[in-house]
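Numbering (the numbering used here), first residue to last: 2 to 108. One structure is given here, and the rest of the page talks about it.
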Amino acid sequence: MLIEISVILSMELFVIMLAMLFDMLPGNRYKMHKPQIQILMAIAMFVLGVINLFVVTVQPDIIIAENTDVSAELLRLYLGFYGIVLACSIFKYVDYKKMVKNYILFL
């Protein structure tokens, strides 16, 4: 049961991150901190994915038999997807830090 909740939580983090990136969330206080929030969400998604995959491979009898979202093959696919998102988030964060540093130098 806990694994299913963890998988749903990692998917919800991904949906919220996409909503933030495409300006679908109300307000504008978070907009200047988008790269920081994005990298934190990507790290959280990746860590949850690693934990889920580890638990499912170590104890395969812990998952509910009817639930196909928690199979080890699908969790490997999720983990690969979360890894791509994490790599893109790191690249965006590094680019953001370079831009901020250059902006401060030219003031």
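A virtual CB, placed ideally from N, CA and C, is assigned to each residue, including glycine. Nothing here was measured: the structure is a model prediction, and the numbers come from that model.
Enumerated in chain order, which unbroken segments of the alpha helix (DSSP H) with a length of 4 residues or greater are wholly contained in the region 80 to 108?
Qualifying alpha helix (DSSP H) stretches: none in this window.
Classify residue 63 as helix, strand or coil using the three-state DSSP reduction.
Looking up residue 63 in the sequence shown gives position 62. Three-state DSSP puts residue 63 in a helix.
From this set, 47, 51, 19, which residue's C-alpha is nearest residue 36's C-alpha?
Mapped onto the sequence shown, residue 36 falls at position 35. Looking at the Cα atoms, 19 is the closest of the given residues.
State yes or no: is the C-beta of residue 75 within less than 8 Å of the C-beta of residue 42?
Here residue 75 is taken as the residue at index 74 of the sequence shown, counted from 1. Here residue 42 is taken as the residue at index 41 of the sequence shown, counted from 1. The answer is no: Cβ separation not under 8 Å.
Taking its Cβ as the centre, do 16 or more other Cβ atoms sit within 10 Å of residue 47, making it buried, or is it exposed?
Looking up residue 47 in the sequence shown gives position 46. A residue is called buried when at least 16 other Cβ atoms come within 10 angstroms of its Cβ; residue 47 meets this threshold and is buried.
Would you say residue 72 lies against chain B (beta-carbon separation less than 8 Å)?
No chain B appears in this structure, which consists of one protein chain only.
Among residues of its own chain, excluding the 5 on either side of residue 72, which ones have a beta-carbon nearer than 8 Å to its beta-carbon?
Numbered from 1 along the sequence shown, position 71 holds the residue referred to as residue 72. These residues qualify, in order along the chain: 57, 64.
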